[in-house]
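K.L.:
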Amino acid sequence: MVPDGSHGGLLERDPELAAAAHAVDELVTGAAAADGPVRGGILVYRGESGIGKTTLLDEIHRTARDRCTVLRARGGETLTSVPFHVTRQLLQPALDRFDEEDVRLLFGGHFDLLAPALGLAPPPPPSAAPADPQGVRDGLAKLLGRLADRLRDRPPVLLVDDAHWADAESLAWLDAFTRLRQDRRLPALVVLAHRPLPEEPQRTGVPAVLAALADRAVVTLGLHALTPGATAALARDTLGGHADEPFCRELWSVTSGNPYETVELLAKARDRMLEPVATSASLLRGLGAEARGGGLVARLEELGVGPTRLAWTIAVLGADSTPDLLALLTGTSRAKVAEHTELLRQARIVTTGADREAQTGPAAGPGPDTGTGTGTDPAVTPMTPVTPVTPVGQSTHLEFAHPLIASAVYGSMSPAARTAMHGRAAWALTEAGHGPAAVSRHLLEVHPDEDEDVVDQLRAAAVEHLAVGAPDAARRCLERALAEPPGPDSYARVLYELGCASLLTAPAATVRHLSSALDLPGLDDDLRIDATYRLAQALAHNNQLRDAARVLAAEAVRTPPGTDRRRLQAANFMYEGFQAAEEDGPGRSRRLADLTAHFTGADNSERALLTVRGFDAMMRGEPADEVVRLCDLALVDGIPARGLGWTDPTWGFEIPALTGIAYAFSDRPDQAGILFTEAVRAFEISGWSGAHLAFAHTLLGLVHRRRGNLPRAQHYLEEGLRLADRVGNGLPVHWDTACLLVDTLVARGRTAEARSVADHYSFGPPWPDAIVLPDGPSILGRLLLAEGRVEEAVATLEAAAEALIGRGRHHIVWAPWPLDLARALAPTDPDRAAALAAEARTHAERIGTPTALGEALRCAALLADPPESRRLLTEAVAHLAASPSRYEEARARLDLARATDSPEALAEATALATACGASLVTSDAVTARASSHPPE
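Taking the working numbering, the leading residue of the sequence shown gets 94, the next gets one more, and so forth.
1. Using only CA atoms, which one of Thr320, Val398, Leu437 and Gly526 lies nearest to methionine 506?
2. Per DSSP, what kind of secondary structure is threonine 465 in: helix, strand or coil?
3. In this structure, does DSSP put threonine 434 in helix, strand or coil?
4. Taking phenylalanine 270 as part of the alpha helix (DSSP H), name the residues at either end of that continuous run.
5. By Cβ distance below 7 Å, which residues in the same chain neighbour glutamate 719 in space, the five residues on each side in sequence not counted?
6. Just the Cα atoms here: how many angstroms apart are alanine 325 and proline 215?
7. Between leucine 987 and arginine 722, what straight-line distance do the alpha-carbon atoms span, to the nearest angstrom?
8. For glycine 592, name the three-state secondary structure that DSSP assigns.
9. With a Cβ-Cβ cutoff of 9 Å, do alanine 969 and alanine 990 count as a contact?
10. Across the stretch 257 to 265 and the stretch 171 to 184, are there enough close Cβ pairs to call them in contact, namely three or more that are closer than 8 Å?
11. Below 8 Å, how does it come out for the stretch 790 to 804 and the stretch 818 to 832: are there three or more Cβ pairs, yes or no?
12. Hey, out of Val887, Thr921, Arg900 and Arg939, whose CA is closest to proline 911's CA?
13. Per DSSP, glutamine 227 forms a beta bridge with which residues?
14. Tell me, which residues are paired with tyrosine 138 by DSSP?
15. Helix, strand or coil: how does DSSP classify arginine 158 here?
16. Run through DSSP, which three-state label would alanine 111 get?
17. Determine contact between the stretch 221 to 238 and the stretch 140 to 152, defined as no fewer than three beta-carbon pairs at a distance below 8 Å.
18. Quick test of your reading: arginine 963 and alanine 992, contact by CB under 8 Å. State the CB separation rounded to the nearest angstrom.
19. Do you know offhand how far arginine 586's Cα is from leucine 810's?
20. My guess is that threonine 320 and glycine 350 are in contact by the Cβ rule of under 8 Å, so how many angstroms apart are they, rounded?
21. How many Å lie between alanine 157 and alanine 187 at the Cα?
22. In the DSSP assignment, find the beta strand (DSSP E) that holds valine 720 and state where it starts and stops.
23. From Pro130, Glu777, Arg167 and Gly516, pick the residue whose C-alpha is nearest to that of leucine 207; which is it?
24. Measure the alpha-carbon distance for serine 871 versus leucine 890 and round it to whole angstroms.
25. When the Cα atoms are used, what is the spatial distance from leucine 59 to valine 131?
26. How many angstroms separate the CA atom of leucine 768 from the CA atom of arginine 761?
27. Say whether chain C places a C-beta atom closer than 9 Å to the C-beta of proline 249.
28. How close, in whole Å, do the beta carbons of alanine 933 and alanine 954 come, if the pair is a contact with beta carbons under 8 Å?
29. What number of angstroms, rounded off, separates the C-alpha of tryptophan 744 from the C-alpha of leucine 596?
30. Would you mind giving the Cβ-Cβ distance between tryptophan 907 and phenylalanine 758, rounded to the nearest angstrom? I have them listed as a contact below 8 Å.
31. Classify glutamate 545: buried if its beta carbon has 16 or more other beta carbons within 10 angstroms, exposed otherwise.
32. Would you call alanine 601 buried or exposed, if buried means 16 or more other Cβ atoms sit within 10 Å of its Cβ?
33. Tell me which residues share the same chain as alanine 998 and place their Cβ nearer than 7 Å to its Cβ, disregarding the 5 neighbours each side in the sequence.
34. Going along the chain, which residues of its own chain have a beta-carbon closer than 7 Å to the beta-carbon of aspartate 268, five neighbours each way excluded?
35. State the CB to CB distance for the pair glycine 201 and arginine 239, rounded to an integer number of angstroms; the pair is presumed to be in contact (CB under 8 Å).
Next comes the structure, spelled out in structure tokens:
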């Protein structure tokens, strides 16, 4: 008796199949409901090699294919370095059923970005900017979502076997797709099968992603070995009902209940016509040794040199094991390849696509093996005779019968033979017209030999990998190219390319590579300038702003006057200004003003410097009209000049961002909104959906905050944080967005929510080395005041004053510390509060914007006697009514209404506050004589 019964030819897999059947039923039922979401999800099956994972997926495929679109893929032991290998297996067959117009609709306007990653279009030219990895992942995730919508009548089921050997890019894509819905109700069912994850305190790479997927799974099940009863049932089904108990017990002892080993051992027993009785039991252990490790290799060698060499070639070529390539690499004819293939099939070492279809039926997804370490796992199905071979010319790929066989064959080759065969494979693929990326996985395995052709191929492969959003694959190619090594004329160029490839993913490595490249001969003037610029970017991303500025300044001194020097100077002034502290801020500002005094925006280098100058002038509290004049000169017809756009790789996104920020704090939110809306559009079109898109949403949040549309500001800022959270933690965009969101929530009267955001994102000291948008300590002081923590607020605001006054930064809207510090000190130290208010008013008059003037006057009213206070508030309301700052106007109107005790004015102020999304339950005291000072 089989203890747990059999199901679809599988033994002791009822719970696993029941979980799959339930998940498929839920998926189909949800898809059939017109008014509800599809109820897909993730299923995970874990088990050791040979435990029956593939056969379990075969059964799920068989039971689901009548109602669902089943898409299959498998990882490969030697294909982990091939980006999007698993993704292509899953999506290419699904897209093949649509015509070209429908395919482009499914891509949602991002065909040019995503199609190269799927192998549906050639990569962009080398001159194109690298694709953003996050953008490619998100785009492919949305593509699968749209595909699932189109296939709602037969919702997709994705089966991924040997997921522990999946490429990192494909797993990141699946991870992104399965995070699309917070309720975990996906429009597809994703089924993963993989070996147990390593027990590590801090998982990284593929194990970390698999663990994250399992955390979101509907269920994760571990596959266990067969019991003695199931092993006996399998023996009697294969060898006959007369198999006795001693024989079956020894069979289970030899195989430990591993389904693959059990099936293989029974097949050998049948081939040897072994009687399944007690007297034969002692022979099982020897037969079992032939099925794995050295025994399997010995069995292969018994077939002869030709079949052995063919097996080696399949192990190296993997998915490229086509008849022509196999014949070329083995040095034999196609007829010989067919003959040797038949010997390997009869020995159950390889299978063909026809074999697999005969066993499981036609596949909706790719059936052939996808690389060494994959192959059919016979698991716990009874052994069936091998069907006649399909001629090699009709079966496009060969695959190993099991990953254990593939690993054993690949490992049996001597290092020298394996390396040589990878080299020949690279040559053969090149001759067959395969691109550099396809060839590169073989070149990664050959021994360094100072071959410039190898270096050139690896560099070309890196370009292709970058173009499809796979910087890690590009990095591997370029690191291997360095090991070749390149000649002295190209060594620095390879270092430069390696530094650029790792800019977004590993700033510290970029710094190392680009610094080395700049220390060597071989970079022409243009590359040297670009290497310096990118080195500064990497240093800035690595929180080394001072070093970034120093590198740029040193190279600028060595560069002749002209466009290149101005490019370096613009970046130098920018990074110096971004520092939270600097030795001579006023001196830097003077040098920048002198340099740009006669610029007209004649070229992009002048426009970039004018932008930096305009931003610096805004921070210093110079007249807003001058700030706007500088920003206008930096644009062409109100938009960034060609080459200075949001996605331009030469200058970076910072230049247009600084222009828009300067506009926003100069009471020009409409101009800023135009720029920032274009930023979102440009980033989305280019597939830049990581930190860049997050920052663009933050900037739109800033625009709405300045306009006083607080709910809209909150929406964009929360979306900015959501996008930033997907990229990492503690990024500059986190600081800026959290700062603005805290300010917005305090303005809305949602102090507890603001505190929650501040705590979650560690908004507070120690502050980063870069400035925060707007001034972080000023906004933290405002939050502390709202919480009634006056002493802490005063200390925080005084620290902000000390940092900013020394640098000559006096913009009271960007850094409103004097306004809030005056309010905090008014009850206890009215004289000092009055002095602060007077100084703020002086700076506001210099700035000249209605917002700055209105805010300064409202603060001054706090310290004045009642008649003067009413006069100042009346003037403040007039200024703020002429400004774009509706929220600040509402606050001033509320103060005036209470100062004049006017119900009509109070109603008007309350209505305006409500329109802004603010709750004005409390207000500032309007005189210093108030016995208490309610926080703003």
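Beta carbons are placed, not taken as given, at the ideal position from N, Cα and C, and that holds for glycine.
P.N.:
Taking the coordinates as given:
1. Residue Val398 holds the alpha-carbon nearest to the alpha-carbon of methionine 506 among Thr320, Val398, Leu437 and Gly526.
2. Bear in mind that a pLDDT of 39 at threonine 465, under 50, signals an unreliable position, so the number given afterwards is only what the model happens to contain. In the three-state DSSP reduction, threonine 465 falls in the coil class, being neither helix nor strand.
3. Here threonine 434 sits in helix by DSSP.
4. Its alpha helix (DSSP H) spans residues 261 to 271.
5. So the qualifying residues of the chain are Ala710.
6. Answer to the nearest angstrom: the Cα atoms are 54 Å apart.
7. Rounded to whole angstroms, leucine 987 to arginine 722 spans 34 Å at the Cα level.
8. Glycine 592 falls in the helix class under three-state DSSP.
9. It is not a contact, given that the beta carbons lie outside the stated cut-off.
10. With a cut-off of 8 Å, the stretch 171 to 184 and the stretch 257 to 265 count as touching, because enough Cβ pairs lie within range.
11. As far as the Cβ criterion goes, the stretch 790 to 804 touches the stretch 818 to 832, which means the pair count is three or higher.
12. Nearest of Val887, Thr921, Arg900 and Arg939 to proline 911, Cα basis: Val887.
13. BP columns for glutamine 227 are empty, so no partner.
14. Residue pairing for tyrosine 138: DSSP places it in a beta bridge opposite Ala286 and Leu314.
15. Residue state, collapsed to three classes: coil.
16. Look at alanine 111 here: in three-state DSSP terms it is helix.
17. No: the two stretches stay apart, fewer than three of their Cβ pairs being nearer than 8 Å.
18. Right, their Cβ atoms sit about 5 Å apart.
19. Going by the C-alpha atoms only, they are around 41 Å apart.
20. Distance from threonine 320 to glycine 350 at the Cβ level is roughly 7 Å; contact confirmed, criterion being Cβ atoms closer than 8 Å.
21. About 16 Å.
22. Not the beta strand (DSSP E): valine 720 falls in the alpha helix (DSSP H), residues 717 to 727.
23. Out of Pro130, Glu777, Arg167 and Gly516, Glu777 has the C-alpha closest to the C-alpha of leucine 207.
24. A straight-line Cα-Cα distance of about 6 Å links serine 871 and leucine 890.
25. Here the chain covers residues 94 to 1029 and nothing more, so residue 59 does not appear.
26. In this structure, the straight-line span from the alpha carbon of leucine 768 to that of arginine 761 is close to 11 Å.
27. Absence of chain C from the displayed structure is noted, only one protein chain being present.
28. Alanine 954 and alanine 933 do not touch by the CB rule: their CB atoms are close to 12 Å apart, not below 8 Å.
29. Rounded to the nearest angstrom, the two C-alpha atoms are 15 Å apart.
30. In this structure tryptophan 907 touches phenylalanine 758 by the C-beta definition: roughly 5 Å separates them, less than 8 Å.
31. With fewer than 16 Cβ atoms within 10 Å of its Cβ, glutamate 545 is classed as exposed.
32. Exposed, by the Cβ-count rule.
33. For alanine 998, same chain residues with a beta-carbon under 7 Å away, outside a window of 5 residues either side, are Arg986, Leu989 and Ala990 in chain order.
34. Closer than 7 Å at Cβ, skipping near neighbours: Val302, Ala305 and Leu306.
35. Sure, about 6 Å apart at Cβ, within 8 Å.
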